[in-house]
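Participant:
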Amino acid sequence: DVKVTQSSRYLVKRTGEKVFLECVQDMDHENMFWYRQDPGLGLRLIYFSYDVKMKEKGDIPEGYSVSREKKERFSLILESASTNQTSMYLCASSLEYRGGTEAFFGQGTRLTVV
Amino acid sequence: DQQVKQNSPSLSVQEGRISILNCDYTNSMFDYFLWYKKYPAEGPTFLISISSIKDKNEDGRFTVFLNKSAKHLSLHIVPSQPGDSAVYFCAATGTASKLTFGTGTRLQVTL
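Keeping their order, the protein sequence lines are chains A and B.
First residue of the first sequence? That's 1 in my numbering, and the numbers climb one at a time after it.
First residue of the second sequence? That's 115 in my numbering, and the numbers climb one at a time after it.
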């Protein structure tokens, strides 16, 4: 059974804190993604990675960075958390396949910045 | 710039009837389309997909139709069941593997 695991279901952090969101997949997938979900805005891509130590900006990378030191792990970092980063964060992984392939999602992390 | 659009934020359908969820896209480089279902406080789960070389794909109660000339796809659920109540996201991908999502449609199946 495929599995994408996010380290926390719920987090509460203070403004200005550095926040780490961790994601691990056990499917040996090349691609990993971080999205955020907000009401009325759908899922927006923050960053993605095609391979170890490789990263690409998504549609809303400002205020975030990522790290992929191992194939199975993709971390999202909020350098200095702000209240407008309160959101549901979703990690996903997928195979690299030209014909198209579905992404598998973790259960999500609900982050509240106070 | 919203490349994948779901213009109906919500839809209510009676149990047993057909649910039709619509999605439009603007990027002609998209060649693979997917539908995801999401319950509150859970991650999205893959439902069904279609390649741009096809115009229909069916899986049980779920059928996705693709009209490339109109840049439009739809998801049909027949018959609708109360457990289908969720938010449905349309997604698309092209030469890059990243998925671009729509804003979602909340489906409510009533008894």
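Every residue gets a Cβ at the ideal spot worked out from N, C-alpha and C, and that includes glycine.
Can you give the Cα-Cα distance for residue 205 of chain B and residue 211 of chain B, rounded to whole angstroms?
Facilitator: The residue given as residue 205 of chain B occupies position 91 in the second sequence. The residue given as residue 211 of chain B occupies position 97 in the second sequence. Distance between the alpha carbons of residue 205 of chain B and residue 211 of chain B: 12 Å.
Participant: Starting from residue 121 of chain B, trace the beta strand (DSSP E) both ways and give me its first and last residue.
Facilitator: For the purposes of this step, residue 121 of chain B is taken as the residue at position 7 of the second sequence. From DSSP, residue 121 of chain B is part of no beta strand (DSSP E); its letter is neither H nor E.
Participant: Consider the Cβ of residue 33 of chain A: report whether some Cβ of chain B lies at a distance smaller than 8 Å.
Facilitator: On the first sequence, residue 33 of chain A is found 33 positions in, with the first residue counted as 1. Yes, contact with chain B.
Participant: From A:91, A:40, A:86, A:44, pick the residue whose C-alpha is nearest to that of residue 24 of chain A; which is it?
Facilitator: Along the first sequence, one-based indexing puts residue 24 of chain A at 24. It is A:91 whose Cα lies nearest to the Cα of residue 24 of chain A.
Participant: Does the CB of residue 87 of chain A have a neighbour CB from chain B at under 8 Å?
Facilitator: Counted from its first residue, the first sequence places residue 87 of chain A at position 87. Not closer than 8 Å to any Cβ of chain B, the Cβ of residue 87 of chain A fails to qualify, so no.
Participant: Count the C-beta pairs between the segment 124-143 of chain B and the segment 151-159 of chain B that are closer than 8 Å, then say yes if the count reaches three, no if not.
Facilitator: With a cut-off of 8 Å, the segment 151-159 of chain B and the segment 124-143 of chain B do not count as touching, because too few Cβ pairs lie within range.
Participant: What residues match up with residue 110 of chain A in a beta bridge as DSSP calls it?
Facilitator: The sequence position of residue 110 of chain A within the first sequence is 110, counting from 1. In DSSP, residue 110 of chain A forms a bridge with A:10, A:88.
Participant: Going by other Cβ atoms of all chains shown within 10 Å of its Cβ, with 16 needed for buried, is residue 207 of chain B buried or exposed?
Facilitator: Taking the second sequence and counting its residues from 1, the one referred to as residue 207 of chain B is at position 93. Residue 207 of chain B is buried by the Cβ-count criterion.
Participant: How many angstroms separate the CA atom of residue 57 of chain A from the CA atom of residue 46 of chain A?
Facilitator: The residue you call residue 57 of chain A lines up with position 57 of the first sequence. The residue you call residue 46 of chain A lines up with position 46 of the first sequence. Using only the alpha carbons, I get a separation of about 7 Å.
Participant: For residue 184 of chain B, count neighbouring Cβ atoms within 10 angstroms of its own Cβ and tell me buried if that reaches 16, exposed if not.
Facilitator: Mapped onto the second sequence, residue 184 of chain B falls at position 70. Label assigned to residue 184 of chain B: exposed.
Participant: Let's test the definition: count the other Cβ atoms within 10 Å of the Cβ of residue 54 of chain A and tell me whether it reaches 16, buried, or not, exposed.
Facilitator: The sequence position of residue 54 of chain A within the first sequence is 54, counting from 1. Flag for residue 54 of chain A reads exposed.
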